[in-house]
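For the sequence shown, the positions run 1 to 102 when the UniProt record's numbering is used. Positions of the beta carbon are idealized from the N, C-alpha and C atoms, including for glycine. One structure is given here, and the rest of the page talks about it.
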Amino acid sequence: TNSITNITIGETCTLEKLELLVMLCPRLQHIEMGIAIKDIGPLLRFIVHDNNLNIRHLISFCFIDSNRYSFQHLTVLLNSKILFGKWKVLYVDKKSKLFLWT
């Protein structure tokens with residue numbers, strides 16, 4: 001099995017590419033990548049799905065090149081029980097990064 005635990009993708013990545021990535025690297029703990037705002041909801045459902053064995057080790061996810069709108073969108077999803085109680089979110093304006101962690 002692949003033992004990669006951290007990965008950074010310096011550009012926007014689609015949900016399909018992320019699914020392939022976690023299938024190839026099932027021990028990922030930290031992911032940093034860009035993502036289109038339209039893919040945030042489906043991506044979060046993919047991450048928090050309890051039956052997803054390939055993502056069970058994930059501790060943190062960093063969205064690069066984010067903005068306040070992405071933060072607000074993620075906060076709404078967090079409050080709508082998609083991520084309720086399990087994940088926390090933080091936006092760092094100076095670095096344009098949005099962090100999600102358990």
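Query	Result
Extent of the continuous beta strand (DSSP E) to which Thr8 belongs	6-12
Beta-carbon contacts of Asn54 that lie in its chain and below 6 Å, excluding the five residues immediately before and after	Val22, Met23, Pro26
Which listed residue (Arg68, Ile40, Gln72) has its alpha carbon closest to that of Phe61	Ile40
Whole-angstrom distance between Asp65 and Lys86, CA atom to CA atom	24 Å
Strand pairing of Val92, partner residues [DSSP]	Lys97
Residue burial classification, Ile47 (beta-carbon count within 10 angstroms, cutoff 16)	buried
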